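Visitor: One structure is given below, represented as structure tokens, and several questions about it will come after.
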Amino acid sequence: MASLPGRPPSLLLNSSSSYGHNPSLFAATRLCFSSPPSGKPHQKHVVNARKLSGLEEAARIRRLRELKNANKIRKRPPLRQGKVSGRHPVPDHIPKPPYVGSSVLPELSSDFQIPDSEGITGMRAACELAARVLDFAGTLVRPSVTTNEIDKAVHQMIIDAGAYPSPLGYGGFPKSVCTSVNECMCHGIPDSRQLQDGDIINVDVTVYLNGYHGDTSKTFLCGEVHESVKLLVKVTEECLERAISVCKDGANFKKIGKKISEHAEKYGYGIVERFVGHGVGTIFHSEPIIMHHRNDRSGCMVEGQTFTIEPILTMGSIECITWDDGWTTVTADGSPAAQFEHTLLITRTGAEVLTTY
1 MASLPGRPPS LLLNSSSSYG HNPSLFAATR LCFSSPPSGK PHQKHVVNAR KLSGLEEAAR
61 IRRLRELKNA NKIRKRPPLR QGKVSGRHPV PDHIPKPPYV GSSVLPELSS DFQIPDSEGI
121 TGMRAACELA ARVLDFAGTL VRPSVTTNEI DKAVHQMIID AGAYPSPLGY GGFPKSVCTS
181 VNECMCHGIP DSRQLQDGDI INVDVTVYLN GYHGDTSKTF LCGEVHESVK LLVKVTEECL
241 ERAISVCKDG ANFKKIGKKI SEHAEKYGYG IVERFVGHGV GTIFHSEPII MHHRNDRSGC
301 MVEGQTFTIE PILTMGSIEC ITWDDGWTTV TADGSPAAQF EHTLLITRTG AEVLTTY
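Residues in the sequence shown are numbered from 1 upward in steps of one, following full-length UniProt numbering.
If you want it as structure tokens, here you go:
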């Protein structure tokens with residue numbers, strides 16, 4: 001997951017919609033009505049409509065959605081940071097990414113990663129391991145388990161496979177996996193907080209195996225989750241699936257954001273703009289930047305390219321607050337957020353999902 005610094009003003013909009021949205025791109029229709037009879041000549045009052053662009057319409061609908069959803073979400077106690085334990089050791093024989101040992105957050109690489117046949121084999125192995133680790137992490141999700149415990153188990157499985165947990169030491173990140181609970185959009189640091197019945201948790205796993213990163217995440221349900229939150233999780237996964245369906249050699253990157261927006265808007269969900277998908281391979285984060293909301297960003301997919309798609313949807317505001325730890329990012333209004341992620345390999349006719357087994 002990469003954040004998107006320095007977005008141009010044209011992209012600083014929030015796209016979403018409300019239930020039962022009429023897909024028309026007009027803010028209003030032309031209305032004429034007469035004054036009540038008073039013995040005076042009738043006067044016509046005219047309301048003129050201005051046709052909105054798709055991006056303007058998305059912003060308008062989001063404002064309506066936020067008003068509608070303001071009182072719909074069942075409030076839970078706000079997320080609070082627990083005690084963060086120390087880093088888990090990694091055996092010396094396991095190869096480590098070049099950023100390990102530095103607390104400086106690496107710059108997004110401008111390289112588009114297109115591995116050769118040997119590289120594709122390496123990517124498949126790393127991504128398959130990441131997928132297996134993620135599914136294992138999901139079996140640990142239940143009330144009373146701490147995210148520290150999930151981190152410890154994930155760490156052990158990764159090093160047992162001879163791989164390195166990519167988040168560990170990335171820009172100073174202190175743990176081996178990201179665990180984002182309830183209103184946490186992403187980059188949650190595992191700690192001593194116990195999961196509660198009704199929580200949702202995104203577990204974001206990246207492994208570095210034989211020089212290649214495999215990156216994937218999923219939002220899991222903990223115990224009995226409210227139906228409205230279950231729907232958010234379901235629709236977020238569907239958004240990822242629909243975005244993958246438009247990927248192939250020569251396809252425009254902006255189709256990804258369009259496809260996600262079309263589906264999320266049907267349910268009135270917000271699409272977080274600050275965090276984006278990214279190229280991945282021998283480098284953890286690189287071009288292309290993958291935007292998940294409606295956008296006019298140029299660029300086309302190329303056969304052999306590897307990148308992630310990882311939309312975050314919210315039930316309320318898409319604005320966010322980052323904690324003092326510099327990583328944990330939560331929704332500004334405390335509304336739930338969900339995320340799913342896959343690493344893809346672009347082919348001539350579609351996309352191969354690498355983070356499966």
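Ideal Cβ positions, reconstructed from N, Cα and C, are used throughout, including at glycine.
Here the structure is a predicted model, which is why all the values come from computation and not from measurement.
#1: Can you tell me whether D333 is buried or exposed, with buried defined as 16 or more other CB within 10 angstroms of its CB?
#2: Around the Cβ of Y357, are there at least 16 other Cβ atoms within 10 angstroms (buried) or fewer (exposed)?
#3: Roughly how many angstroms separate the alpha carbons of Q305 and V154, rounded to a whole number?
#4: For N252, does the three-state DSSP call read helix, strand or coil?
#5: Provide the residue span of the beta strand (DSSP E) that contains G214, from first to last.
#6: Counting only the same chain and skipping the five closest in sequence on each side, list residues whose C-beta sits under 8 Å from that of S24.
#7: Once you ignore the five residues that flank Y151 on each side, which residues in its own chain have a CB closer than 6 Å to its CB?
#8: Which residues share a DSSP beta bridge with P165?
#9: Along the alpha helix (DSSP H) that carries E241, what are the first and last residues, could you check?
#10: Would DSSP call L79 helix, strand or coil?
#11: Please list the terminal residues of the continuous beta strand (DSSP E) segment that includes V154.
#12: If we count the other Cβ atoms within 10 Å of its Cβ and call it buried at 16 or more, is T349 buried or exposed?
#13: So, at 7 Å on beta carbons, what are the nonlocal neighbours of P167 in its own chain, with the 5 sequence-adjacent residues on each side left out?
#14: Quick one: Cα of F253 to Cα of I290, how far?
#15: State the DSSP-derived secondary structure class of E265, mapped to helix, strand or coil.
#16: Hey, could you find the ends of the beta strand (DSSP E) M185 is sitting in?
#17: Using beta-carbon positions only, say whether P311 and A243 come within less than 9 Å of one another.
#18: Out of M185, F284 and E265, point me to the one whose CA is closest to L209's CA.
#19: Looking only at its own chain, which residues have a Cβ that is under 7 Å from the Cβ of A251, when we skip the five neighbours before and after it?
#20: By the 10 Å Cβ neighbour count, where 16 or more other Cβ atoms means buried, how is V104 classified, buried or exposed?
#21: With three or more C-beta pairs closer than 8 Å as the rule, is the region 73 to 88 touching the region 254 to 269?
#22: I think K258 touches R294, with their Cβ atoms under 8 Å apart; what is that distance to the nearest whole Å?
#23: Tell me, to the nearest whole angstrom, how far the beta carbon of L79 is from that of N182; I am working on the premise that it is less than 8 Å.
#24: Here's a check: name, in chain order, each residue in its chain whose Cβ is nearer than 8 Å to the Cβ of G211, leaving out the five neighbours to either side.
#25: Which value, in whole angstroms, describes the spacing of the CA atoms of D249 and A131?
#26: Between L232 and S245, what straight-line distance do the alpha-carbon atoms span, to the nearest angstrom?
#27: Distance, Cα to Cα, D135 vs L129?
#28: Is T355 helix, strand or coil by DSSP?
#29: Report buried or exposed for D215, applying the criterion of at least 16 other Cβ atoms within 10 angstroms of its Cβ.
Guide: Concretely, from the data shown:
#1: The residue given as residue 333 occupies position 333 in the sequence shown. D333 should be labelled buried.
#2: Reading the sequence shown from its first residue, position 357 is the one you call residue 357. Exposed, since its Cβ has fewer than 16 Cβ neighbours within 10 Å.
#3: Against the sequence shown, residue 305 aligns to sequence position 305. Against the sequence shown, residue 154 aligns to sequence position 154. So the alpha carbons of these two residues sit roughly 28 Å apart.
#4: Within the sequence shown, numbered from 1, the residue matching residue 252 stands at position 252. Three-state result, N252: strand.
#5: Here residue 214 corresponds to residue number 214 of the sequence shown, with the count starting at 1. Its beta strand (DSSP E) spans residues Y212 to L221.
#6: The residue given as residue 24 occupies position 24 in the sequence shown. Residue confidence is low: S24 scores 28 on pLDDT, short of 50, so the model does not pin down where it sits. No coordinate-derived value is stated.
#7: One-based indexing of the sequence shown puts residue 151 at position 151. Here residue 151 turns out to be Asp, not Tyr, going by the sequence shown. Closer than 6 Å at the Cβ level, and outside the excluded window around D151, lie K175, S176, V177 and P190.
#8: Here residue 165 refers to the residue found at position 165 of the sequence shown. According to DSSP, which records beta bridges pairwise, P165 is partnered with V207.
#9: Position 241 of the sequence shown, counted from the first residue, corresponds to residue 241. Where E241 is concerned, the enclosing alpha helix (DSSP H) stretches over E227 to S245.
#10: Working through the sequence shown from its first residue, we reach residue 79 at position 79. Reduced to three states, the DSSP call for L79 is coil.
#11: Counting from 1 along the sequence shown, the entry for residue 154 is found at position 154. Where V154 is concerned, there is no enclosing beta strand (DSSP E), although the alpha helix (DSSP H) it sits in stretches over T147 to D160.
#12: As a first step, residue 349 is located in the sequence shown; it is residue number 349 there, counting from the start. With fewer than 16 Cβ atoms within 10 Å of its Cβ, T349 is classed as exposed.
#13: Stepping through the sequence shown from its first residue, residue 167 is reached at position 167. Correct list, in chain order: F173, K175, S176, V177, C178 and T206.
#14: Taking the first residue of the sequence shown as position 1, residue 253 is located at position 253. Taking the first residue of the sequence shown as position 1, residue 290 is located at position 290. F253 and I290: Cα-Cα distance of roughly 7 Å.
#15: Position 265 of the sequence shown, counted from the first residue, corresponds to residue 265. Here E265 sits in helix by DSSP.
#16: Locating residue 185 in the sequence shown gives position 185, where the first residue counts as 1. Taken as a continuous stretch (DSSP letters only), the beta strand (DSSP E) holding M185 covers C184 to C186.
#17: Here residue 311 is taken as the residue at index 311 of the sequence shown, counted from 1. Here residue 243 is taken as the residue at index 243 of the sequence shown, counted from 1. Their beta carbons are under 9 Å apart, which means P311 touches A243 by this criterion.
#18: Counted from its first residue, the sequence shown places residue 209 at position 209. Cα-wise, what sits closest to L209 is F284.
#19: The residue given as residue 251 occupies position 251 in the sequence shown. Once the five neighbours on either side are set aside, the close Cβ partners of A251 are C300 and M301.
#20: Locating residue 104 in the sequence shown gives position 104, counting from the first residue. That one is exposed.
#21: no
#22: On the sequence shown, residue 258 is found 258 positions in, with the first residue counted as 1. On the sequence shown, residue 294 is found 294 positions in, with the first residue counted as 1. The pair is a contact, with the Cβ atoms about 6 Å apart (cut-off 8 Å).
#23: The residue given as residue 79 occupies position 79 in the sequence shown. The residue given as residue 182 occupies position 182 in the sequence shown. About 6 Å separates the Cβ atoms of L79 and N182, confirming a contact at the 8 Å cut-off.
#24: Sequence index remark: in the sequence shown, residue 211 carries index 211 (1-based). Cβ neighbours of G211 beyond the five flanking positions: P95, G122 and T282.
#25: In the sequence shown, residue 249 corresponds to position 249, counting from 1. In the sequence shown, residue 131 corresponds to position 131, counting from 1. Approximately 24 Å, taken between the alpha carbons.
#26: Residue mapping note: residue 232 aligns to position 232 of the sequence shown, counting from 1. Residue mapping note: residue 245 aligns to position 245 of the sequence shown, counting from 1. When rounded, the distance between both Cα atoms is 20 Å.
#27: Along the sequence shown, read from residue 1 onward, the residue named residue 135 stands at position 135. Along the sequence shown, read from residue 1 onward, the residue named residue 129 stands at position 129. Distance between the alpha carbons of D135 and L129: 10 Å.
#28: Numbered from 1 along the sequence shown, position 355 holds the residue referred to as residue 355. Three-state result, T355: coil.
#29: Against the sequence shown, residue 215 aligns to sequence position 215. Label assigned to D215: buried.
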